[in-house]
Amino acid sequence: MSFRSALVLGACLLLAACNKVNQENFSKLKTGMSKTEVEQMLGAPRECAGALGFTSCTWGDEKTFISIQFAQEQVLMFSGSGLK
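Those letters in the sequence shown? Residues 2 to 85, by the working numbering.
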């Protein structure tokens with residue numbers, strides 16, 4: 002294996018290990034948590050949308066994600082899919 006191939010493989014493994022969208026972090030979510038607390042745990046969301054004090058944000062991609070609904074910047078409910 003060339004040095005370049007080893008470097009790319011190592012980078013991929015490191016990125017996979019740093020994925021914060023996982024079952025462990027999903028289990029830590031609680032209703033009433035602030036949006037700031039969630040972002041400290043999961044990082045910045047991929048997308049958010051909302052109106053009238055309600056916001057829905059998603060972390061991850063189409064296959065592996067955590068979706069959280071906030072009311073007044075606090076977790077109201079959450080769901081996930083494809084988590085390991």
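Using N, Cα and C, we set each Cβ at its ideal position, and we do this for glycine too.
Nearest to residue i by CA position, among the options, is which residue?
i	options	result
Gly33	Thr65, Gln75, Ser80, Gly83	Gln75
Met42	Gly83, Phe27, Phe55, Thr56	Phe27
Ala52	Ser80, Leu30, Ala72, Gln24	Ala72
Lys21	Phe79, Ile67, Met78	Ile67
Helix, strand or coil for residue i, going by three-state DSSP, please let me know.
i	result
Thr37	helix
Ser80	strand
Ser68	strand
Glu48	strand
Exposed or buried, what is residue i when buried is set at 16 or more other beta-carbons lying within 10 Å of its beta-carbon?
i	result
Cys58	buried
Gly81	buried
Gly61	buried
Cys49	exposed
Looking only at its chain, what residues have a beta carbon closer than 8 Å to the beta carbon of residue i, apart from the 5 residues adjacent to it on each side?
i	result
Gly54	Ala72, Gln73
Glu40	Pro46
Can you find the residues in the same chain that come closer than 7 Å, C-beta to C-beta, to residue i, ignoring five residues on each side of it along the sequence?
i	result
Asn23	Leu84, Lys85
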